[in-house]
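**Q** Here you go, one structure.
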Amino acid sequence: MTTIAPPVVRTKEPSRSTGGRSGPVLWMALPAFVWFVFFGIIPLLGVLALSFTTWNGIGEIVPSGLDSWKATLSDPGLPHALWVTFLIMALSWAVQTPMSILIGVFLATSKRYREFLAVLFFIPLLLSSAAIAITYKALLDPSFGLGSGLGIDLLNQDWLGNSTLAMATLIFIVSWQFIPFHSLIYQGAVRQIPTSMYEASQIDGAGRVRQFISITLPQLKYTIITSSTLMVVGSLTFFDLIYVLTAGGPGDATRALALAMYQQGFQANLMGPASAIAVILVLVGLVLSLVLRRLGGRADDSQLEGA
Amino acid sequence: MSNNPISRRNFLGLAAGAAGAAALAACGSSGPSNSGGSSSGGSGGGAASYWSLSGPPGEPYRQAAIDRFNKANPDSKITGTFFQNDAYKQKIKTALGANQGPTMIWGWGGGGLKEYVTSGQVEDLTSWLGENAAVKSKILPSSFGAGTVDGKIYALPVETVQPIVLFYNKKVFESAGLQPPKSWGEIMALVPQFNAKKIAPFSLGGQSRWTNMMWLEFLLDRTAGSEVFDKVFAGEKGAWSDPAVLDMLTKIQDLVKANGFQKGFSSTTADSNADQALLYTGKAAMMLHGSWSYGIQKEQGGNFVKDGGLGWMNFPAVEGGKGDPSNTVGNPGQYLSISSKATTEAKDIAKKFFSTTLVDDEEKAGWVKSGGVPVLTGSESLFTGDDAGFLKDMATIANGAKVFAQSWDQALSPTAAETLLDNIAKLFQLQVSPQQWVDAMNGVIGK
Chain U
1 MTTIAPPVVR TKEPSRSTGG RSGPVLWMAL PAFVWFVFFG IIPLLGVLAL
51 SFTTWNGIGE IVPSGLDSWK ATLSDPGLPH ALWVTFLIMA LSWAVQTPMS
101 ILIGVFLATS KRYREFLAVL FFIPLLLSSA AIAITYKALL DPSFGLGSGL
151 GIDLLNQDWL GNSTLAMATL IFIVSWQFIP FHSLIYQGAV RQIPTSMYEA
201 SQIDGAGRVR QFISITLPQL KYTIITSSTL MVVGSLTFFD LIYVLTAGGP
251 GDATRALALA MYQQGFQANL MGPASAIAVI LVLVGLVLSL VLRRLGGRAD
301 DSQLEGA
Chain X
308 MSNNPISRRN FLGLAAGAAG AAALAACGSS GPSNSGGSSS GGSGGGAASY
358 WSLSGPPGEP YRQAAIDRFN KANPDSKITG TFFQNDAYKQ KIKTALGANQ
408 GPTMIWGWGG GGLKEYVTSG QVEDLTSWLG ENAAVKSKIL PSSFGAGTVD
458 GKIYALPVET VQPIVLFYNK KVFESAGLQP PKSWGEIMAL VPQFNAKKIA
508 PFSLGGQSRW TNMMWLEFLL DRTAGSEVFD KVFAGEKGAW SDPAVLDMLT
558 KIQDLVKANG FQKGFSSTTA DSNADQALLY TGKAAMMLHG SWSYGIQKEQ
608 GGNFVKDGGL GWMNFPAVEG GKGDPSNTVG NPGQYLSISS KATTEAKDIA
658 KKFFSTTLVD DEEKAGWVKS GGVPVLTGSE SLFTGDDAGF LKDMATIANG
708 AKVFAQSWDQ ALSPTAAETL LDNIAKLFQL QVSPQQWVDA MNGVIGK
């Protein structure tokens, strides 16, 4: 987990800075750099080395060449885990992005009641994933949960025991947890849009919807990319929530890559193949964040397009 | 130990790396409570550490044994740390791999113990037990099997003998006007009758996976006897391909398809005792579970056990099956090993703990009180009071069994056990067919 976190920070930073950094500022990055080397790069190299060995976690580490990689790449569980990971990523992005933009725009206007709502919306972000998972697990339990407690049959589904429903429930909970965070980003970004643009469009006779599509959305381009990068790369590392909620189940319906890695390493005692999966996870994360940065075009493009 | 100063300095100095800090802090909080400590770290003056499972019914008696020992031996101190079942299994492996393990390693024997042995993590106790024959003679001989690897004893059987039995809610059966099943056919006949009354026929903590496994263990034993799994255990190629296995797997899926388990069984966990709650609240009629379930129901089920609501029996026979219906499956005991990485001093404390506290009469009485049959000999006379009926039956099942097989996931190596549990979960989810199950399992035989 720790090895994946730093790239998120890295990719976020350039989109904020607008170039023109000079020498003296460099040393300020040193603490972060040292941190990153110790807890990002060195463990990463260790994992890479481990993926070429056979180790049960407690005995001796025996070099075994490509054995672990062969075992991992020929395991039908790998494409399945990749697919599950991709599904979680795509679906949670598709749910979170529009919701976050709408809520962000809504909250950007400074009106007293909206500020009050903003505080409420923010609450899920304050809870830990494990606590959220335990709570939802209890609420959704078909025997002792909300549905049977209130006697509402519609709520009394096998939410976490049916493969399709379990995935949908997972996406819902992930979105519930992270929409506040992304809304916050969008709220800030919307407030940065110069009011002169809205005033000009008003003179041209544009309505609210038209303003939203022609001004707000294009102006949010970089924010969308930042927020999407966080969502996509972040969804690669979903572990705690899934582990507590479904443990990858039912069967292997929600076994994402991070979970497959954990099961190989710490339950089956196969540290070699688990490390191979970890390397794959890092590579997927790197490629995705690079692609997303490319999509954003060059950072020195004007932010005030059309102004 | 050695990287601690670095991480602390980084913590204080490098507040800048906020994201990294958050991630690291999250990792840290899931670590052990510091009371466990490392035996090799050595706080000096005769200390030994002991890790085991938390929760009822065992934890209070484990703690009591430690307290008793510490009181009797003021100059040597044992520190106990307790973990949840599933968490413990991961924790202990990681700790041993990092040489941060406890002096005394609690376990289930079998395949897990074998892995510790091949990695040189645990002490050979054979000669020590030879010198201390009095200790050995106080423990049931049948319990030593799972603590033995290649003819040498690496773990002392402790605590209780735990056969898996079929529990049922007598009140539910009474109000439904039905009789507890005596055969597999009767089980299948009961399923639609309970479903019609909106009561789950069986309670199952399916997310924990080993709970599902108990069904396979009994069904295979009843249809084909204990020989099939013996071949798997011996690493014989293609041992799962026995037709009895396919038959057994089909029966399981038939039961799942007939809604034999409560709605949402695959997201119910055993660690939270939600499966037990289904039985004592009368939402489910029956439950296949380890004998330790009795202690949990007694503690959490209010007056359920006291009022005679809980019934139990050995798993019924399967029509035309070859297996001996007296056979049982479960834990022939729990096991304590001594870490080979511990200091001589800590090892001596552990041995003293083994030879005094763990085999004394209070220990025996304590485990009887917890609702279990102790691994210590001569406990029958202690079976009195409310629990006498249950304890006598458990002792009869355990001692009367022609074969007392060890749970599969404990008998096999962790690697094979993980594949087994994974495929069992998929089987119950109807994600794999019986034939696919057999093929997948044949692939990890002997691994």
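Chains as they are written, first to last, in our numbering: chain U, 1 to 307; chain X, 308 to 754. Heads up, the beta-carbon is just placed ideally off N, CA and C, and yes, glycines get one too.
Look up X/Asn676 in the DSSP assignment and say whether it is helix, strand or coil.
**A** Looking at the sequence provided, one finds Lys at residue 676 of chain X rather than Asn. Residue state, collapsed to three classes: helix.
**Q** If I measure Cβ to Cβ from X/Leu737 and keep anything under 8 angstroms in the same chain, skipping five residues before and after, which residues do I get?
**A** Gln560, Val563 and Lys564
**Q** Buried or exposed for X/Asn610, going by 16 or more other Cβ atoms inside 10 Å?
**A** exposed
**Q** I'd like to check one pair, X/Met411 with X/Ile645: are the Cβ atoms closer than 8 angstroms?
**A** yes
**Q** Beta-carbon of U/Gly149 versus every beta-carbon of chain X: anything under 8 angstroms?
**A** no
**Q** Apart from the five residues on each side of it in sequence, which residues of its chain come closer than 7 angstroms, Cβ to Cβ, to X/Glu725?
**A** Nothing meets the Cβ criterion.
**Q** Nearest-angstrom Cα distance between X/Ala328 and U/Glu115?
**A** With a pLDDT of 36 at X/Ala328, under the threshold of 50, the modelled position of this residue cannot be trusted; read the value that follows with caution. Approximately 30 angstroms, taken between the alpha carbons.
**Q** Taking the alpha-carbon positions, what's the U/Gln32 to U/Thr229 distance?
**A** At residue 32 of chain U the sequence reads Ala, which differs from the Gln that was named. C-alpha separation (whole angstroms): 20 angstroms.
**Q** Where does U/Trp27 land, buried or exposed, given buried means 16+ other C-beta within 10 angstroms?
**A** exposed
**Q** Using a Cβ-Cβ cutoff of less than 6 angstroms, which residues in the same chain neighbour X/Phe568 once the five nearest sequence positions on both sides are dropped?
**A** Here X/Phe568 has Phe509 and Leu511 as same chain residues with Cβ atoms under 6 angstroms from its own Cβ, once five neighbours each way along the sequence are excluded.
**Q** Among U/Gly46, U/Leu44, U/Thr223 and U/Thr254, whose alpha-carbon lies nearest the alpha-carbon of X/Ser574?
**A** U/Thr254
**Q** Output the distance between the C-alpha atoms of U/Arg293 and U/Ile225, rounded to the nearest integer angstrom.
**A** 7 angstroms
**Q** Pairs of beta-carbons, one from the region 178-188 of chain U and one from the region 102-110 of chain U, closer than 8 angstroms: are there three or more?
**A** yes
**Q** Show which residues of chain X have a CB atom less than 9 angstroms away from the CB atom of U/Phe266.
**A** Lys396, Gln397, Lys400 and Thr401
**Q** Rounded to a whole number of angstroms, what is the C-alpha to C-alpha distance between X/Asn341 and X/Tyr587?
**A** Legend: pLDDT at X/Asn341 = 37, less than 50; position of this residue unreliable, value from coordinates given subsequently. If you take the alpha carbons of X/Asn341 and X/Tyr587, they lie about 36 angstroms apart.
**Q** Quick check on U/Ile173: buried or exposed, where buried means 16 or more other Cβ atoms within 10 Å of its Cβ?
**A** Flag for U/Ile173 reads buried.
**Q** Check the Cβ of X/Thr722 against every Cβ in chain U and list those closer than 7 angstroms, keeping chain order.
**A** Ala268, Asn269 and Leu270
**Q** Can you check whether the CB of U/Ser196 is closer than 8 angstroms to the CB of U/Ile215?
**A** no
**Q** Can you tell me the Cβ-Cβ gap for X/Gly630 and X/Thr557, rounded? I've got them flagged as a contact below 8 angstroms.
**A** Contact flag wrong, Cβ pair sits at about 17 angstroms.
**Q** Might you give, ordered along the chain, the residues of its own chain that have their beta carbon closer than 7 angstroms to the beta carbon of U/Leu295, omitting 5 neighbours on each side?
**A** For U/Leu295, where only same-chain residues beyond five positions count, the Cβ hits under 7 angstroms are Ile225.
**Q** Check this for me: beta carbons of X/Ser677 and X/Pro470, under 8 angstroms apart or not?
**A** Taking 8 angstroms as the Cβ cut-off, X/Ser677 and X/Pro470 do not qualify as a contacting pair.
**Q** Report yes or no: do three or more beta-carbon pairs, one from the region 642-656 of chain X and one from the region 618-633 of chain X, lie closer than 8 angstroms?
**A** Contact fails: fewer than three Cβ-Cβ distances are below 8 angstroms.
**Q** Using DSSP bridges, identify the partner residues of X/Ser359.
**A** X/Phe389
**Q** Compare the C-beta of U/Thr246 with all C-beta atoms of chain X and state if any pair is closer than 8 angstroms.
**A** yes
**Q** Closest to X/Asn406 by CA distance: which of U/Leu66, U/Ser110, U/Leu117 and U/Ile58 is it?
**A** Looking at the Cα atoms, U/Ile58 is the closest of the given residues.
**Q** Could you spell out the range, first to last residue, of the alpha helix (DSSP H) harbouring X/Tyr461?
**A** Element bounds for X/Tyr461: n/a, residue is neither H nor E.
**Q** Can you list the residues of chain X that U/Ile58 reaches, using a CB-CB cut of under 8 angstroms?
**A** Lys400, Leu403, Gly404, Glu422, Tyr423, Ser426 and Gln428
**Q** Please return the same chain residues whose Cβ sits closer than 7 angstroms to the Cβ of U/Ala260, not counting the five positions on each side in sequence.
**A** Gly77, Ala81 and Ile277
**Q** Which of the three DSSP states, helix, strand or coil, is assigned to U/Trp55?
**A** DSSP places U/Trp55 in coil when its eight states are reduced to three.
**Q** The alpha helix (DSSP H) with X/Asn730 in it runs from where to where?
**A** Pro721 to Phe735
**Q** Give the range of the alpha helix (DSSP H) segment to which X/Pro367 is assigned.
**A** Glu366 to Ala379
**Q** If I measure Cβ to Cβ from X/Ala372 and keep anything under 7 angstroms in the same chain, skipping five residues before and after, which residues do I get?
**A** For X/Ala372, where only same-chain residues beyond five positions count, the Cβ hits under 7 angstroms are Thr664, Leu665 and Glu670.
**Q** For the region 583-607 of chain X, list every residue whose C-beta sits within 9 angstroms of some C-beta in chain U, in sequence order.
**A** Ala584, Leu585, Thr588, Lys590 and Ala591
**Q** With 8 angstroms as the threshold, decide whether the Cβ of X/Lys646 is near any Cβ in chain U.
**A** The sequence given here places Ser at residue 646 of chain X; Lys does not occur at that position. Output row for X/Ser646: interface = no.
**Q** By DSSP, does X/Trp619 sit in helix, in strand, or in coil?
**A** strand
**Q** The beta strand (DSSP E) with X/Asn638 in it runs from where to where?
**A** Thr635 to Asn638
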